[in-house]
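Asker: Quick one: structure below, then a few questions.
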Amino acid sequence: MDKIVEQMTRMVAQRTSRRGFLARLGRLVAGGLIIPLLPVNRVLSQAVAQAAESAPGATPVPEGLEAMVKHGNPNDDTACDYWKYCAIDGYLCSCCGGGSHDCPPGASPSPTSWVGTCRHPGDGKDYIISYRDCCGKTPCGRCLCTNTKGEMPLYRTQLDSDLIWCFGAPTMVYHCSTAEIVGVK
Amino acid sequence: MDKIVEQMTRMVAQRTSRRGFLARLGRLVAGGLIIPLLPVNRVLSQAVAQAAESAPGATPVPEGLEAMVKHGNPNDDTACDYWKYCAIDGYLCSCCGGGSHDCPPGASPSPTSWVGTCRHPGDGKDYIISYRDCCGKTPCGRCLCTNTKGEMPLYRTQLDSDLIWCFGAPTMVYHCSTAEIVGVK
Amino acid sequence: MHKRLAIAASAILFLFVASGVARAQLRPDQMTSLRLAAPQPHWAYVLDMPNAVPQVTKIYIVDTDRQKMLGQLNGGYLASFVMSPDHREYYMVGTFYSRVWHGTRTDAVEILDASTLNFKGEVVIPPKRLLIVPKNNSAGITPDGRFMLVENLTPATSVSVIDLKARRFVGEIETPGCVQVLVSGPRRFSSMCADGSILTVHLDDSGKAKTRKQSKPFFDPSKDPVFDQPVIAGTDAYFDSYHGMIYKVDLSGDVAKAEPGWSALDDADRKASWRPGGWQTIAESAGGAKIYLLMHQGGEWTHKQDGKEVWVLDTAKKTRISRIPLKTDAYSIRVSSGANPILESLSLVQSQLETYSLPDGKYLGVYHGLGAPFLIYGL
Amino acid sequence: MHKRLAIAASAILFLFVASGVARAQLRPDQMTSLRLAAPQPHWAYVLDMPNAVPQVTKIYIVDTDRQKMLGQLNGGYLASFVMSPDHREYYMVGTFYSRVWHGTRTDAVEILDASTLNFKGEVVIPPKRLLIVPKNNSAGITPDGRFMLVENLTPATSVSVIDLKARRFVGEIETPGCVQVLVSGPRRFSSMCADGSILTVHLDDSGKAKTRKQSKPFFDPSKDPVFDQPVIAGTDAYFDSYHGMIYKVDLSGDVAKAEPGWSALDDADRKASWRPGGWQTIAESAGGAKIYLLMHQGGEWTHKQDGKEVWVLDTAKKTRISRIPLKTDAYSIRVSSGANPILESLSLVQSQLETYSLPDGKYLGVYHGLGAPFLIYGL
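Below is the structure:
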């Protein structure tokens, strides 16, 4: 089942033109059909973000975590500025024993995920990124990155990054976040 | 039962001359009779401390708690230097909704306790203090006071302040520490 | 345990008898667990989500007049705090795993006595509750104290109904496409829907849904979404939007009725990029006659940026009354009830609570060391 | 959950079919859960007792050569960490309450796979285990990996025996007046007694106590107690005392045999008030040929003061070889095993781990952000 969802997400990401997709999604959302669209929510998020001004949201970092927030060049996958993380929200799995698209040992990728679009600084291409949380351990606590671009309130559930996005994982215990390239836009 | 132990502790504290008590305790300990002596352990601790040099042990304070350690005059019962706290080790219940000899609401006094002797700066008298933990909630996290004077390793169980001293309380979940006057020495 | 304590007591008795030295003078303290007086308007209930281990949620009860900790409550993973309308009970709606970080999930409403803070009992509910960085309106209680309503998100949305008198789970009400629990009457709650409309559910006396009606959208979420933590005064809800629009919605009827929105900003404010932001960004006093907005200067998508000022708005005249500059940037605000309301501002990064007198906005004091505080509750 | 995911998949499929725009180019990542290679001598296993909520214990596995986090383990309330001798399994011996901060207590040995870090199973044990700010030797494993031994303190002292092959609790061995589990052989452990003696227990193949013999006291606890976290090399235990005495105790026999103690200090050192202190104050290398002491300058009862230097001692010659000044004061030290040992020093307040090469004591690097780290484990 997880595989199917993942596959579907990829296909959507690869084959749907963003504008048409958003229009359709809008209609579905208006009709109350929120639930089915989870895995692709960040397509919208990112699209909205790109349509808007590019001022980064200055979300405060809770006490004791300041030291854990890392900024750097877009090629360092343990920094918030790593190119694939343009719409990530959480602790970077790269700092927790995982990779930019891998869970740390002992944490499970959530089958539900959201999708965004990030431009690679090298080739200038826009890549479609699936953001998947790793679940099953207490918060990793390292490299907190909180992007708020395109983030929407809870009633636009798919776009709310404050939710524990571990639906379908063995437990709803959040550990860290990853960014998986699913294709070129 | 709790009442009896408490009563016993008080009686011991009130009626036992320290030197004789220590000698007797020594013999009991040598004989492997550790267990029964829990409630009075800090008599020893404090006695040892007073016999030794008065250099305060500079126990490090874990990260994030520095701001919570408070020093002040001996009449401020939310400060480590409050006269009754001369042998306390833990979060002060006075800072947590309790008092110097009261548990915060919803936390239970542990029936087991240790005893020390502190000199009141006003009347110059030595008071016998029963140190009782409050249990049943996660650590209060405020006003950490770690005295190491007279503190002994775990094999001298009654004198080890790193133990969770909630034996006999509804749960072994440590919340904060109190100091109860049981009499004048 | 008691058997061992008996041994302990005997040994001490032995020492007592053996030592044989009697002394008199004695002035004992009497150790107890303290009780709390009846909750006061200037008590702040601050919710801390511990960063490292959010498997326990903490509530600090702080007397802001004396800057004193009165007591603490614990709850489960990402728990919600609810107070009974008569202030006699507190509820922590939490999630528990049998081995804390894994195992079997149990969701429960934990019931605590407001005087002793002792655990009184629990009602186990379906393990479906919304798990989110703590937000207002994730759970609510009817004004008569009868029903607790808990938002579920699996990600399908529904509301669990708990009969607090009978101490039992009553049932689940489906709320497709709509989330949160805005309680506006003894048998009524509303939820916010994805298209900018409001769903209003009326309950019968057994806690089942009697009517369920959705309003027309009163704002366009894709253009200027309202924050999802509105403030409720009686049967009116006040919403603030990312761009500073204010909407008053009457929740009293079968269908929610919204008044037209108005902007908290004038052209100069807009030019200076003022907008609401933070976590708990809106508060009210005097039954909604005044609302308070946590404001900062920032561009698009800065809706979680700390606020530097609190703007006081007159909701009848739809104008700004005053601006209160904050000593420390804040993430959440609240205004206490009663004759003598104060403004409470919570700083997540600095882990502290500041208070200001009203209406003059004079700085009153600060209380430090509140963990990762996200929300303030109170009377 | 899966039913809902099926709905989700259908909806996405609908979108896919409806949109009808096909593109090609694709270079997907493949998301997995990483696995760990076989544990290495320069991996540090740092135990963090989260201040606010010690109901979860954390282990950070850090590759000190690359200053990189490799993975994390969770355990219960004030859990002990144990590694299997073949490095294929990790164990977290923890305590759980059914509602985290209250409820029914369960103690369990949780078994984790060292490659996947996945939970493999648990053995529930009597709810009696020692609850203390985490210390070494609160639990131990026999060198053949067969038996886990867990210290109980209720406050009566005993040891729970767990058969790790059979994955079951075997029984409890009473150790009145003696605490901790110093494992020195496949069927043998020792405990430290209040009078300065050592109790040695031999087990049979079923995990029951075969012999139980107490040595004579080898030090006077009331004059100069040894720390309760000795370091063990094979069948020898090395103890350091508050005043800097070193004791080597042979645990291999029916009864523990101590060599006479010797001082790590000379007169000048004593005059300058040097003494051991911190939490994990002693380490060893080369099978006990060298021991390492965490030293500071302080008066009486400063046994928990951070150390400024590590002193390297030759246990055969009973002399000091060198002094290694630390960049940052440390609370715990450890020396890694293998051909290329390094010194690891842990700072509780600064929440960091520093490494130094040996024998030259050159500073190698630091790893930050380790919570409230009390202990370091490793190969």
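Chains as they are written, first to last, in our numbering: chain A, 35 to 219; chain B, 35 to 219; chain C, 29 to 407; chain D, 29 to 407.
Every residue gets a Cβ at the ideal spot worked out from N, C-alpha and C, and that includes glycine.
(1) What whole-angstrom Cβ distance do R157(C) and E179(C) have, given they're in contact under 8 Å?
(2) Cα separation between L403(D) and D278(C)?
(3) For V198(C), which residues of its own chain have a beta-carbon under 6 Å away from its beta-carbon, when the five flanking residues on both sides are left out?
(4) Taking the Cβ atom as the reference point for each residue, do T112(A) and C168(A) lie within a distance shorter than 9 Å?
(5) Note down, in chain order, every chain B residue with its Cβ under 9 Å from the Cβ of Q83(D).
(6) Taking Cβ positions only, does L140(C) come closer than 9 Å to chain B?
(7) Taking Cβ positions only, does D114(C) come closer than 9 Å to chain B?
(8) Within the same chain, show all residues whose beta-carbon is closer than 8 Å to that of A101(A), passing over the 5 residues directly before and after it, in chain order.
(9) Counting only C-beta atoms, is V128(C) closer than 9 Å to chain D at any point?
(10) Please name the residue in L381(C), D252(C) and T239(C) whose C-alpha comes closest to that of D76(C).
(11) Which whole runs of the alpha helix (DSSP H) in the region 118-196 of chain A are 4 residues long or more, in chain order?
(12) Report the three-state DSSP secondary structure of Y395(C) (helix, strand or coil).
(13) Please determine, among S364(C), K390(C), G397(C) and V394(C), the residue with the shortest C-alpha to C-alpha distance to Q68(C).
(14) In chain order, what residues of the same chain lie with their CB nearer than 8 Å to the CB of T347(C), ignoring the 5 residues before and after it?
(15) For a test of the three-state rule: what should DSSP assign to D297(D), helix, strand or coil?
(16) With K345(C) as the anchor, note down where its beta strand (DSSP E) starts and where it stops.
(17) Step through the CB atoms of chain C and report whether any lies within less than 9 Å of the CB of L78(B).
(18) How about I163(A) and A121(A): do their beta carbons lie closer than 9 Å?
(19) Distance check for H70(C) and I370(C), CA to CA, integer angstroms please.
(20) Name the chain A residues whose beta carbon is nearer than 9 Å to that of Y125(C)?
(21) Do the region 119-126 of chain D and the region 192-202 of chain A touch if we need at least three Cβ pairs shorter than 8 Å?
(22) Enumerate in chain order the residues of its own chain whose CB-to-CB distance from D114(C) is below 7 Å, with the five nearest sequence positions on each side excluded.
(23) Counting contacts by CB-CB distance shorter than 9 Å, is L192(D) in contact with chain A?
(24) Less than 8 Å separating the Cβ of W148(A) from some heavy atom of the ligand ZN?
(25) Below 8 Å on the Cβ atoms is my contact criterion, and I expect P253(D) with Y270(D) to pass it. Report the Cβ-Cβ distance as a whole number of Å.
(26) Starting from Q100(D), trace the beta strand (DSSP E) in both directions and tell me its first and last residue.
(27) Cutting at 7 Å between CB atoms, please list the residues of its own chain near Q325(C), excluding the five before and the five after it.
(28) I'd like the span of the beta strand (DSSP E) that includes Y405(C), first residue to last.
(29) By Cβ distance, which residues of its chain are closer than 6 Å to P214(D), with the 5 residues on each side in sequence left out?
(30) Considering only residues of the same chain and omitting the five flanking positions on each side of A141(A), which have a CB-CB separation below 6 Å?
(31) List the endpoints of the continuous beta strand (DSSP E) containing V229(D).
(32) Buried or exposed for D388(D), please, with buried defined as at least 16 other CB atoms from any protein chain shown within 10 angstroms of its CB.
(33) Can you confirm whether F109(C), when its beta carbon is compared against all beta carbons of chain B, has any partner nearer than 9 Å?
(34) Do the CB positions of Y125(B) and C152(B) come within less than 9 Å of each other?
(35) Here's a check: name, in chain order, each residue in its chain whose Cβ is nearer than 7 Å to the Cβ of I153(D), leaving out the five neighbours to either side.
(36) Helix or strand or just coil, what does DSSP make of A286(D)?
Answerer: Here's the rundown:
(1) Taking a contact as a CB-CB distance under 8 Å, the pair R157(C) and E179(C) counts as one, their CB atoms being some 7 Å apart.
(2) C-alpha of L403(D) to C-alpha of D278(C): approximately 58 Å in a straight line.
(3) Contacts found: V189, D191 and G235.
(4) Cβ distance not < 9 Å, so T112(A) and C168(A) don't count as in contact.
(5) Here the neighbours are T172 and V207.
(6) Residue contact check for L140(C) against chain B: a CB pair falls below 9 Å.
(7) Interface annotation, D114(C): not in contact with chain B, CB-CB separation never under 9 Å.
(8) Confidence is the limiting factor: at A101(A) the pLDDT is only 40, short of 50, which leaves the residue's position unreliable and the question unanswerable from this model.
(9) Chain D, which has a Cβ nearer than 9 Å to the Cβ of V128(C), makes this yes.
(10) The residue with the shortest Cα to Cα distance from D76(C) is L381(C).
(11) Runs of the alpha helix (DSSP H) inside the region 118-196 of chain A: none found.
(12) Of the three classes helix, strand and coil, the one that applies to Y395(C) here is strand, per DSSP.
(13) Q68(C) has its Cα closest to that of S364(C), out of S364(C), K390(C), G397(C) and V394(C).
(14) Counting only Cβ-Cβ distances below 8 Å, and skipping sequence neighbours, we find L341.
(15) Helix, per DSSP.
(16) Counting along the chain, K345(C) falls outside any beta strand (DSSP E), and DSSP gives it neither H nor E.
(17) The predicted position of L78(B) is uncertain, since its pLDDT is 29 and thus under 50; a value taken from the coordinates is nonetheless stated next. Not a single CB atom of chain C sits nearer than 9 Å to the CB of L78(B).
(18) Yes, these two residues count as a Cβ contact at 9 Å.
(19) Their Cα atoms are separated by approximately 7 Å.
(20) T205, M206 and V207, listed in chain order.
(21) By the C-beta criterion, the region 119-126 of chain D is judged not to be in contact with the region 192-202 of chain A, since fewer than 3 inter-stretch pairs fall below 8 Å.
(22) Counting only Cβ-Cβ distances below 7 Å, and skipping sequence neighbours, we find G173.
(23) It does not; no Cβ of chain A falls within 9 Å.
(24) Only the bare structure without any ligand can be found here, which leaves the ligand ZN out of the picture.
(25) Yes, P253(D) and Y270(D) are in contact; Cβ-Cβ is about 6 Å, under 8 Å.
(26) Here the beta strand (DSSP E) through Q100(D) covers K96 to G103.
(27) Cβ neighbours of Q325(C) beyond the five flanking positions: A300, S301 and W302.
(28) Segment P401 to Y405, the beta strand (DSSP E) holding Y405(C).
(29) Exclusion of the five residues before and after P214(D) leaves T170, P171 and D172 as the residues of its chain whose Cβ lies within less than 6 Å of its Cβ.
(30) Excluding sequence positions up to five before and after A141(A), its CB lies within less than 6 Å of the CB of C168, G170, K171 and H209, all in the same chain and listed in chain order.
(31) Taken as a continuous stretch (DSSP letters only), the beta strand (DSSP E) holding V229(D) covers I226 to L231.
(32) Exposed is the label assigned to D388(D), since fewer than 16 other Cβ atoms lie within 10 Å of its Cβ.
(33) Taking Cβ atoms only, chain B never reaches closer than 9 Å to F109(C), which makes this a no.
(34) Contact: no.
(35) Within the same chain, I153(D) has close Cβ partners D135, A136, V137, V178, S188, I190 and F197.
(36) It is a strand residue.
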